[in-house]
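Chains as they are written, first to last, in my numbering: chain A, 1 to 308; chain B, 1 to 421.
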């Protein structure tokens, strides 16, 4: 039978034809509705109530949202998270790009290196690595032992509020493998003839990178940037494990999601936590939107090349 | 029909089956074996597992054990309870008891016939709220300090029979510091809300009003407490904040690493530290305002066995609790890991092991029993939040991000927001 799409098909016929399709979709649909959309709608509702896990929620309007801005720990969690995003994302991206460019120069055993650098991204968010980090940066840890050999006196990197967040930033930058692999794929797409032409015109390696490679790579940079910013805003596990769930020392690693978790499951303030979750969604949406708007000024897609 | 191709009907059937399989686990009634949950470090988990083995070999009903460290346990229990999926038998701490009992998540044990005839009445009734018994005390416990007497003697110090006064303790700690390279006279207890409760009672007030609606301890007392430990840190009698931050786990505690000669905690916890310290730990009352006046301390059942309101096995659960409290094999397996056993029979069974840390803990509680003050009311709803808040504020002071005065103010404010909701 040939598939015929015609306006003459009645609604009933089309519906009957699509039933098997929806049946195949059913498992996924149930998941989407039951595990994603349903809880989201509920959480939006809870964010306007005083839901405290065991009580019957009653409507409190915008109270949770307004309370956020008078909560010093909430503001601290915002500060910590923004600092984390602002520092770790550019560092991670730069690192990933630099390594990708190095690896792209036709090294022997490229696959091995690629895998090697990618491994931290697979492990990085895990509990085991967070525990390892604790060992490395503890005051009797590996880092201080190495520093000791060099005659430098270390400190309790994780147990002091001045440095604790930096250990988490290092942990994130160390996971540069995922954006690196994407960069590498992007670099492979850049045609050699363009670069050769530039070389013949007298552009040195540095100029070729800035004038040719980077603009052609900009859609990939953009893609990585959007993903990494979203990921960094949502960071949770490392801070949870390394600070023992507290966000300490002295709230210096109190990530947004960690404070949300504390309010929800430590203090049972589900309504408040739900409000926090929606504000985070809003923040991420704003950042992503901003990215797309600003992206127009620096992201270069090949197909618009003629017009520019 | 070709048998290797799926007919339309088979496919539809498969789809329906898949969908059903996905939906069913979500709504079917849970009818597995009775679940038993508790918190505590490894030794506690081993002990309770042994007691549960005794239950099993006595022909007790089937069960599934769940255990977790203290902090994780509460995250998990909160989630399970809100999902109507709480364990049947659960260990409950006084820190969260009012949160759970006050929200109707625990069963009234009154009609379930658990044998509590041999139990000390105060412990048996420590879970009673408005005439309903939501939990049976597992033990009676009191706050204490454990001192490595050999280390103190080696440093040329001595231990007063009834413990120190706060002033004498500060002197002792200053003198001890530096007697051994890199050591401190005391660990920093500024963040210890439970030791602070004793301190507050020594200053004449309980922490909370009887009905739990507000803080009764004065702001000046809180400030004095934070100042006391700030002074010890300044004098290097207690370690700087970053050292304290890394010494929270039992095996990393200063007493376990030989950096301090003493540790504070609930009396039974001496059995967690003893294996890590070579010489025997002496169990002492915590420092006092006036020498020998132990009115600030109290003896109370602070950990309870409870049955969740949603339990599908209340009878078996009640039988198991009765077994854990009364059976000889269970009592011996648990020892004093949950605290000093709540009945005379159990105490005699456990202290039979002469000169164990457990026997010393029991002797300590018996010794101070006539001297302590009256027990406070069950800790109020929101206690858990205050417990962590107090620690956080103390930490801020330790790092110089707050002063004892501003920290005391912050705590009073937090209590105002948290209590009486």
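For each residue, glycine too, the CB sits at the ideal point set by N, CA and C. In this text the structure is predicted, and so the values were computed from the model without any measurement.
Residues of its chain near residue 48 of chain B, where Cβ-Cβ distance is below 6 angstroms and the 5 sequence neighbours each way are ignored: 38
Return the Cβ separation of residue 113 of chain A and residue 122 of chain A in integer angstroms, given the expectation that the two are a contact with Cβ distance under 8 angstroms. The distance from the Cβ of residue 113 of chain A to that of residue 122 of chain A is about 15 angstroms, inconsistent with a contact at the 8 angstroms cut-off.
Rounding to the nearest angstrom, what Cα-Cα distance links residue 71 of chain B and residue 396 of chain B in this structure? 21 angstroms
Any beta strand (DSSP E) of 3 or more consecutive residues that is wholly inside the region 298 to 333 of chain B: 303 to 307
Residue 84 of chain B versus chain A: which residues are under 7 angstroms apart at the beta carbon? None at all; the shortest Cβ gap to chain A is about 11 angstroms.
When you compare only the Cα positions, how much space is there between residue 317 of chain B and residue 120 of chain B? 21 angstroms
Kindly indicate which residue of A:149, A:143, A:150 has the alpha-carbon position closest to the one of residue 156 of chain A. The shortest C-alpha separation from residue 156 of chain A is found at A:143.
Residue 25 of chain B, buried or exposed, once every other Cβ within 10 Å from all chains shown has been counted against 16: Summary for residue 25 of chain B: the model assigns pLDDT 40, below 50, so the residue's position carries little reliability; its value from the coordinates is reported in the next sentence. Exposed, since its Cβ has fewer than 16 Cβ neighbours within 10 Å.
Whole angstroms is fine: what's the gap from residue 265 of chain B's alpha carbon to residue 339 of chain B's? 11 angstroms
Among the residues of its own chain, which have a CB less than 8 angstroms from the CB of residue 438 of chain B, if the five just before and after it don't count? As displayed, chain B neither begins before 1 nor continues past 421, which places residue 438 of chain B out of reach and without an answer.
Going by DSSP, name the residue or residues bridged to residue 65 of chain B. Residue 65 of chain B is bridged to B:36.
Is it buried or exposed for residue 249 of chain A, if we count other Cβ within 10 angstroms and need 16 for buried? Result: buried.
Reducing DSSP to helix, strand and coil, say where residue 372 of chain B ends up. coil
Minimum C-alpha distance to residue 61 of chain B - residue among B:43, B:35, B:327: B:35
Kindly say whether residue 160 of chain A, judged by its beta-carbon, lies nearer than 8 angstroms to any beta-carbon of chain B. yes
Does DSSP put residue 252 of chain B in a helix, a strand or coil? helix
DSSP three-state call for residue 264 of chain B: helix, strand or coil? Of the three classes helix, strand and coil, the one that applies to residue 264 of chain B here is strand, per DSSP.
Run down chain B in chain order and give the residues with a C-beta less than 7 angstroms from the C-beta of residue 53 of chain A. 78, 82
At a Cβ threshold of 8 angstroms, is residue 218 of chain A touching chain B? no
Per DSSP, what kind of secondary structure is residue 409 of chain B in: helix, strand or coil? helix
Once DSSP output is grouped into helix, strand and coil, what is the label at residue 188 of chain A? helix
Strictly below 8 angstroms CB to CB, what residues from chain A border residue 242 of chain B? 139, 155, 156, 159, 160, 249
So if I threshold CB-CB distances at 8 angstroms, which residues from the region 103 to 123 of chain B count as touching chain A? 103, 104, 105
DSSP on residue 169 of chain A, reduced to helix/strand/coil? Helix, per DSSP.
Please identify the residue among A:59, A:42, A:280 whose C-alpha is closest to the C-alpha of residue 49 of chain A. Out of A:59, A:42, A:280, the CA that lies nearest to the CA of residue 49 of chain A is found in A:59.
Is residue 254 of chain B closer than 8 angstroms to residue 187 of chain B when the C-beta atoms are compared? yes
If we count the other Cβ atoms within 10 Å of its Cβ and call it buried at 16 or more, is residue 56 of chain A buried or exposed? exposed
Would you say residue 288 of chain B and residue 227 of chain B are within 8 angstroms of each other, going by their C-beta atoms? no
Nearest candidate by alpha-carbon position, reference residue 76 of chain B, set A:279, A:291, A:262: A:262
Pick from A:293, A:278, A:295: whose alpha carbon is nearest that of residue 64 of chain A? The closest CA to that of residue 64 of chain A, considering only A:293, A:278, A:295, is found on A:278.
For the region 358 to 387 of chain B, which residues have a beta carbon sitting closer than 9 angstroms to at least one beta carbon of chain A? 382, 384, 385
Just the Cα atoms here: how many angstroms apart are residue 309 of chain B and residue 377 of chain B? 23 angstroms
Neighbour list for residue 396 of chain B in chain A, Cβ cutoff strictly below 7 angstroms: 250, listed in chain order.
Which first and last residues belong to the beta strand (DSSP E) in which residue 93 of chain B is found? That run of the beta strand (DSSP E) goes 89 to 93.
Quick one: Cα of residue 10 of chain B to Cα of residue 17 of chain A, how far? Because the pLDDT at residue 10 of chain B is just 48, under 50, the model does not fix this residue reliably, and the value given afterwards should be weighed accordingly. Their backbone Cα atoms lie some 17 angstroms apart in a straight line.
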